[in-house]
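Q: Questions regarding the structure given below will be posed in turn.
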Amino acid sequence: MGRECIHLLYKDDPQFDGAIEVLGWMIWGVFLRVVSWPMGFWLLARGSSFAVVLVEGIAALTMGILPWFFVPHYGLAGAGMAFFAGYLAYLVLMLGISRRRAGVLLDRFTLLISLAGAGALWLAKLAAAGLGGGWYGLIPVGAIAFVCGGIYVRVLARERTSVNEV
1 MGRECIHLLY KDDPQFDGAI EVLGWMIWGV FLRVVSWPMG FWLLARGSSF AVVLVEGIAA
61 LTMGILPWFF VPHYGLAGAG MAFFAGYLAY LVLMLGISRR RAGVLLDRFT LLISLAGAGA
121 LWLAKLAAAG LGGGWYGLIP VGAIAFVCGG IYVRVLARER TSVNEV
């Protein structure tokens, strides 16, 4: 559906078609950021502000330097690849520091939810492509988003119940 979104925003101008592939890489990069970003808040709450600043700085440098290598080889899509690689590095660094501080990588529930989110994103992409792209891709994407939203509401309700019991 990236093609439809780009064409909707830029009035079917073919000069923006290169952004379609970038969008695919950026979606996965944003997913990694969403998974790893709460770890930064957790580290800040534990008083590890230096570690957070260090990881943010390394990630910023990575995302600033990688396009120089990827774009000449992969064209505009290389910018999206660099974005994804930068957030992959961010996630790996956050996991490493969080493990060092807490002694555990991730609890089972967090890992399960993260993998389920990645699976849902992958399934939505496959389903939309399987329908030949186009606006028909909204059907499986919308259905998967609805199911994910329902799961999110159930998780929130369970967390609120456990907080109220304490």
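The opening residue of the sequence shown carries number 1 in my numbering; numbering runs sequentially from there.
For every residue, glycine included, the Cβ atom is placed at its ideal position computed from N, Cα and C.
Please classify G64 as buried or exposed, where buried requires at least 16 other C-beta atoms within 10 Å of its C-beta.
A: G64 is exposed by the Cβ-count criterion.
Q: Span of the alpha helix (DSSP H) holding L105?
A: Run containing L105: none; DSSP gives neither H nor E here.
Q: Using the rule of at least 16 other Cβ atoms within 10 Å of the residue's Cβ for burial, across every protein chain shown, is L93 buried or exposed?
A: That one is buried.
Q: Determine the burial state of A51: buried for a count of at least 16 other Cβ atoms within 10 Å of its Cβ, exposed for fewer.
A: Looking at its Cβ environment, which holds 16 or more other Cβ atoms inside 10 Å, A51 is buried.
Q: Can you look up K11 in the DSSP assignment and give me helix, strand or coil?
A: In this structure, K11 counts as coil in the three-state DSSP scheme.
Q: Exposed or buried, L112, counting other C-beta atoms within 10 Å across all chains shown (16 or more means buried)?
A: It counts as exposed.
Q: Please state whether the Cβ-Cβ distance between V55 and Y90 is less than 8 angstroms.
A: Closer than 8 angstroms, so yes.
Q: For L32, count neighbouring Cβ atoms within 10 angstroms of its own Cβ and tell me buried if that reaches 16, exposed if not.
A: Under this definition L32 is a buried residue.
Q: Are F70 and G78 touching if we call contact CB-CB under 8 angstroms?
A: Yes, these two residues count as a Cβ contact at 8 angstroms.
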